[in-house]
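S.K.: To start, I am sharing the structure in question, which I have written as structure tokens.
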Amino acid sequence: MKRIVFDQTKCVGCRVCEAICSLSNEGEFNPEKARIRVIRTFEEGILYKTPVMCMQCENPYCQAVCPAGAISRDGRNAKIVDEKKCIGCKLCEVACPVGAVTVRSDRHAAVKCSLCADYDEPQCAKFCFGGALQYMEEERVGIARAREKSVKFLELQRKEA
Amino acid sequence: MSNAGTILIIDLSARTIERIATSGYAKEFIGGAGVAARLFTECVPSDTRAFDEKNMLIFSTGPLTGSLFGNKANVCSRAPEQPNHPYVHCGMGGQLPSEMKFAGYDHIVIKGQSEKPVYLSIYNEDVRFVDAGALWGLDVYKTQAAIRSECRDPDVRVACIGPAGENRIVNALILHDIEHTAARGGMGAVMGAKKLKALAVRGTKGLQVADPKAVRKLWQEYFDYYTKGKGRLYYQTWQRGGLARHVVDGYRYRRRKESGVYTDEIKEMLSKYMVGSLGCSFCPLQCHINYNMPGIGSGGATCSNHGMLSGFPDQQVWWAVTNSIHKYGMESFAVWSMLLWLQGMYQSGLITLQDLDGIEMDKYAVEPFTAAVGKICRREGFGEWFAEGLGKAAQKIAGGKGFKTLDWVIQSRNRPSFSMHDLAYRGFAETGKAIRYRAGDIIAHPYSFDNYCNIEIYAEATGQSIEETERMINDWSADGVKKWLGDDADGSLWRQDVYDVRQSQLTVISEDLNMICDLSGHCEMPSEREIHYGCFGGFEETAGWISALSGKKCTVEELRQAAQKTRTLVDAYNSLCFLTHKELRPEAADMPPKDAIHDKFLKKIKVDKAKLREIGDAYCKSRGYDPETGIPTAETLTKMDLDDMAVQLAQKLQESKDWLKPEEQETGFPDVRAK
Chain A
5 MKRIVFDQTK CVGCRVCEAI CSLSNEGEFN PEKARIRVIR TFEEGILYKT PVMCMQCENP
65 YCQAVCPAGA ISRDGRNAKI VDEKKCIGCK LCEVACPVGA VTVRSDRHAA VKCSLCADYD
125 EPQCAKFCFG GALQYMEEER VGIARAREKS VKFLELQRKE A
Chain B
7 MSNAGTILII DLSARTIERI ATSGYAKEFI GGAGVAARLF TECVPSDTRA FDEKNMLIFS
67 TGPLTGSLFG NKANVCSRAP EQPNHPYVHC GMGGQLPSEM KFAGYDHIVI KGQSEKPVYL
127 SIYNEDVRFV DAGALWGLDV YKTQAAIRSE CRDPDVRVAC IGPAGENRIV NALILHDIEH
187 TAARGGMGAV MGAKKLKALA VRGTKGLQVA DPKAVRKLWQ EYFDYYTKGK GRLYYQTWQR
247 GGLARHVVDG YRYRRRKESG VYTDEIKEML SKYMVGSLGC SFCPLQCHIN YNMPGIGSGG
307 ATCSNHGMLS GFPDQQVWWA VTNSIHKYGM ESFAVWSMLL WLQGMYQSGL ITLQDLDGIE
367 MDKYAVEPFT AAVGKICRRE GFGEWFAEGL GKAAQKIAGG KGFKTLDWVI QSRNRPSFSM
427 HDLAYRGFAE TGKAIRYRAG DIIAHPYSFD NYCNIEIYAE ATGQSIEETE RMINDWSADG
487 VKKWLGDDAD GSLWRQDVYD VRQSQLTVIS EDLNMICDLS GHCEMPSERE IHYGCFGGFE
547 ETAGWISALS GKKCTVEELR QAAQKTRTLV DAYNSLCFLT HKELRPEAAD MPPKDAIHDK
607 FLKKIKVDKA KLREIGDAYC KSRGYDPETG IPTAETLTKM DLDDMAVQLA QKLQESKDWL
667 KPEEQETGFP DVRAK
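Chains as they are written, first to last, in the working numbering: chain A, 5 to 165; chain B, 7 to 681.
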């Protein structure tokens, strides 16, 4: 099973992920409709950027609180909204711990990341230039993280060698 | 469809809001600077000065703005930085341009002058005049924070002025976020004259796409080019603040070649103080830099900010002063030149400590330099000297002896003494032409190879030796020449020390390539490099992107016609402005010192004036301009459906014939014919 893995240190805040997401899933360029958002915060002359997206929780609150049973898990472990069942009550919006679900009046339904159900892979990860977003097998996530973190130690060892 | 469809016209005097369709202008001028030029020249009479009520300020986007293919805006107005206040357009990136499109506006036209300080709050259709009395006097960072807080929306995109703009300092800029600027020409002073503190835009409507599949396909090609293709090297070396490295290291490389002195300022700055990269929306390069220097301050820096870093003796002083210049809302190249010139004047005894209001300017230190910046932006004491720019100040101070000393700045810093923008070198043609009256120095140097390209960065990225890398880049440039001029063309024509009549053709191509970026909204940084390195984003790609976004076929021919028409329109209008008022004629004294650019800045190259004249004549022939005056001919204007300009120019030329006499003047520009 694959999932999207995010590395904060590689994110440059370009928002290509927002643009390609809305283009691929909505057929337009509109960050407001993107399933991933890069939150930009300026403080004292420093720009902080944090991408926010559905983490595809193992025990999703959005699914748990949905009174219409509109949210389910698909074969890729993505939590999918059935727009026909969704009543637009917005409980999922409230329940989501990361703010990755939005109810849109133009669709009368909740909208969230489906890991790009219509494509082979999530487009945000596919087109992330810096590799901050990666779509990888979950069993690789641990070792990939460990390898990234070990770089500092590797540098140290090289110096000492 | 890739245009948002609406031009928003705001009259600050009458407090009215009008909306007109973009479509009436987009067919001929595509968008961006083209549509803005037409709007401006239709509405603003030639006798207007930059601070007049009838002057307009236009924020313009293009059909690519808001997409994955570009996010640039142009800010257009009459420029107070120049002696004759010509019309200029200057690029500004960041998040604001795409936000304008998402709010539904291709262009925001600001007319008139407000009685009291205001800012404009635009949230989709909701446009409001908001009292800015409490913001007047705040620096650009505080202004933006206050507006975000007042709007209760941290995602509102704000472009604003600082105290310098409010005080109409001609080197004032408009700043957005922490480093995106409209810096050329003094746009901040124009905004200040209108008592417009800021433009705050929020858009949620998005940009409709005619053919999403086609756009996705083109994006895949774009992505592949920069991650797997030839563009990979470009991406590698320009990303994450790479642009700044190119600028600083470019100077460093040149200096090392000339003097053997090797310094490594930028690497140290990046490794010690860079906390992140900054850039425009949806651009993977993020070529600007976010610095945080403990005890000194944090902020953003663009490529041109770094121009002064090369060889500067103290990084902390450089950053503290540059950041303070930015916060006050001024253009750093220009203000740095003022400071270094003041220092030179003081050290030479031409001005005294009393003249400097007690500020000891003889050392490189944070306090005196930032104190001087504050005085300049507030017009306090000696700061008043600089309100009209360094050139004017140098004429006034110490009985005019200061003007001659401008040379010092150039010699000591190895770069131009005035604002980089008012020199109008390289592709920045409009302002230059207004002063020079014909294409002058850009013809001699259609593109400046080692100003931008640092061999060492490419060597580092490729693992090649310096010599191998030099050969590689020379080959790219030679390929570029052959691509445009044919296989029989001499591949060395790109070089600064070569004078050949065929360079006029390269200049026309280079200018057109730049102009289509200004029309479409694509960043010129990769595009203008097509001519050297075959970078993505030239005529064909731009036409393809616009076609896919709009669903209407856009051809290369249409793009080039729009680019040429825009340039001709701007040149005609600026000629008209010049002819309207004899008193606007720039004096020779307004020019930089003789040979300042070519002998000092451009590596002491000997200028072949006869050859230059020949190239200039060929350029004028290509453009359809009168080679004697550099003014577009009536025939050219009529052919381009610019009859209004043809009629007005004919009348003004007739009225001006008594004083419009050819005479050669010795100025910094090699081929100037100030008439």
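All residues carry an ideal CB built from backbone N, CA and C; glycine is no exception. None of these values were measured; they are calculated from a predicted model.
Between which two residues does the beta strand (DSSP E) containing His182(B) stretch?
M.R.: Ile180 to His182
S.K.: On the three-state DSSP scale, how would you describe Asn130(B)?
M.R.: For Asn130(B), the three-state secondary structure derived from DSSP is coil.
S.K.: With C-beta atoms as the reference, is Gly335(B) less than 7 Å away from Ala495(B)?
M.R.: no
S.K.: One question on the structure: do Asp132(B) and Thr28(B) come within less than 7 Å of each other, judged by their Cβ atoms?
M.R.: Not closer than 7 Å, so no.
S.K.: Excluding the 5 residues flanking Ala99(A) on each side, which residues of the same chain have their C-beta closer than 6 Å to its C-beta?
M.R.: Hits under 6 Å: Tyr65, Cys66 and Val69.
S.K.: Ser127(B) and Val136(B): beta carbons closer than 7 Å?
M.R.: yes
S.K.: If we cut at 7 Å on Cβ distances, does Cys96(A) have a partner in chain B?
M.R.: no
S.K.: Under the assumption that Cys289(B) contacts Cys15(A) (Cβ atoms under 8 Å), give the Cβ distance between them as a whole number of angstroms.
M.R.: About 14 Å; that fails the 8 Å criterion.
S.K.: With 7 Å as the C-beta to C-beta threshold (strictly closer), list the residues of the stretch 33 to 47 of chain A near chain B in chain order.
M.R.: Within the stretch 33 to 47 of chain A, the residues whose Cβ lies closer than 7 Å to some Cβ of chain B are Phe33, Asn34, Glu36, Lys37, Thr45 and Phe46, listed in chain order.
S.K.: Ordered along the chain, which non-local residues of its own chain (more than five positions away) have a Cβ less than 7 Å from that of Thr475(B)?
M.R.: Ile461, Tyr464, Ala465 and Thr468
S.K.: Roughly how many angstroms lie between the CA atoms of Arg385(B) and Ile175(B), to the nearest whole one?
M.R.: 8 Å
S.K.: So the alpha helix (DSSP H) Ile218(B) belongs to, where does it begin and stop?
M.R.: Reading off the sequence shown, one finds Pro at residue 218(B), where the question assumed Ile. Per DSSP, Pro218(B) belongs to the alpha helix (DSSP H) from Pro218 to Thr233.
S.K.: Identify every run of the alpha helix (DSSP H) within the stretch 483 to 564 of chain B, keeping only runs that are complete inside it and at least 4 residues long; order them along the chain.
M.R.: 509 to 526, 530 to 533, 536 to 539 and 545 to 556
S.K.: Name, please, each residue of chain A whose Cβ falls closer than 7 Å to the Cβ of Gln214(B).
M.R.: Glu32, listed in chain order.
S.K.: Across which residues does DSSP place Thr187(B) in a beta bridge pair?
M.R.: Thr187(B) has Leu181(B) as its beta-bridge partners, per DSSP.
S.K.: Would His219(A) be called buried (16 or more neighbouring beta carbons within 10 Å of its own) or exposed?
M.R.: The structure shown does not extend to residue 219(A), since chain A is modelled only from 5 to 165, so the question has no answer here.
S.K.: Name, going along the chain, the residues of the stretch 18 to 30 of chain A whose beta-carbon falls closer than 9 Å to a beta-carbon of chain B.
M.R.: With the criterion set as a beta carbon lying under 9 Å from some beta carbon of chain B, the members of the stretch 18 to 30 of chain A are Cys18, Arg19, Val20, Glu22, Ala23, Ile24, Ser26, Leu27, Ser28 and Glu30, in sequence order.
S.K.: Which residue's Cα is closest to the Cα of Gly100(B): Ala307(B), Cys82(B), Lys234(B) and Ala20(B)?
M.R.: Ala307(B)
S.K.: Taking the DSSP output, what are the residues bridged to Ile75(A)?
M.R.: Note: Ile75(A) sits in a beta bridge opposite Val85(A).
S.K.: Which of the three DSSP states, helix, strand or coil, is assigned to Gly17(A)?
M.R.: coil
S.K.: Quickly, what does DSSP pair Ser83(B) with across the bridge? List them, please.
M.R.: Val94(B)
S.K.: Which class does Val323(B) belong to by DSSP, given the choice of helix, strand or coil?
M.R.: helix
S.K.: Just checking: is the beta-carbon of Asn77(B) within a distance shorter than 7 Å of some beta-carbon in chain A?
M.R.: no
S.K.: Measure the C-alpha to C-alpha separation of Thr328(B) and Leu181(B) and round it to an integer number of angstroms.
M.R.: 14 Å
S.K.: At which residues does the beta strand (DSSP E) containing Ala165(B) begin and terminate?
M.R.: Arg163 to Cys166
S.K.: Spatial neighbours of Asn34(A) within its chain, please: CB distance less than 6 Å, with the 5 preceding and 5 following residues excluded, ordered by chain position.
M.R.: Ser26
S.K.: Can you grab the Cα-Cα spacing for the pair Leu643(B) / Leu63(B), in whole Å?
M.R.: 25 Å
S.K.: For a contact meaning CB atoms closer than 8 Å, what does Ile8(A) contact in chain B?
M.R.: Within chain B, no residue comes near Ile8(A); the closest Cβ sits about 18 Å away, beyond 8 Å.
S.K.: Can you find a C-beta in chain B that's less than 7 Å from the C-beta of Leu137(A)?
M.R.: For Leu137(A), the answer is no, since every Cβ of chain B falls outside 7 Å of its Cβ.
S.K.: Please list, in chain order, all residues of the same chain as Ala38(A) whose beta carbon is under 7 Å from its beta carbon, the five residues on each side excluded.
M.R.: Only Glu22, Cys25 and Ser26 meet the Cβ criterion.
S.K.: Can you tell me whether Asn177(B) is buried or exposed, with buried defined as 16 or more other CB within 10 angstroms of its CB?
M.R.: Per the 10 Å Cβ criterion, buried.
S.K.: Which residue marks the beginning of the beta strand (DSSP E) containing Ser304(B), and which one marks its end?
M.R.: Its beta strand (DSSP E) spans residues Gly303 to Ala307.
S.K.: Where do the ends of the beta strand (DSSP E) carrying Met193(B) lie?
M.R.: It is not in any beta strand (DSSP E) - Met193(B) instead sits in the alpha helix (DSSP H) that spans Met193 to Ala199.
S.K.: I'd like to know if the stretch 185 to 197 of chain B and the stretch 343 to 361 of chain B are in contact, where contact means that at least 3 CB-CB pairs between them fall below 8 Å.
M.R.: They do not touch, by the three-pair rule.
S.K.: Residues in the same chain with beta-carbon distance under 7 Å from Ser526(B), minus the five sequence neighbours each way, listed in chain order, please.
M.R.: Ile36, Gly37, Gly38, Gly68, Pro69, Leu70, Gly76, Thr548 and Ile552
S.K.: Residues in the stretch 126 to 149 of chain B with C-beta within 8 Å of chain A's C-beta atoms, listed in sequence order?
M.R.: Tyr147
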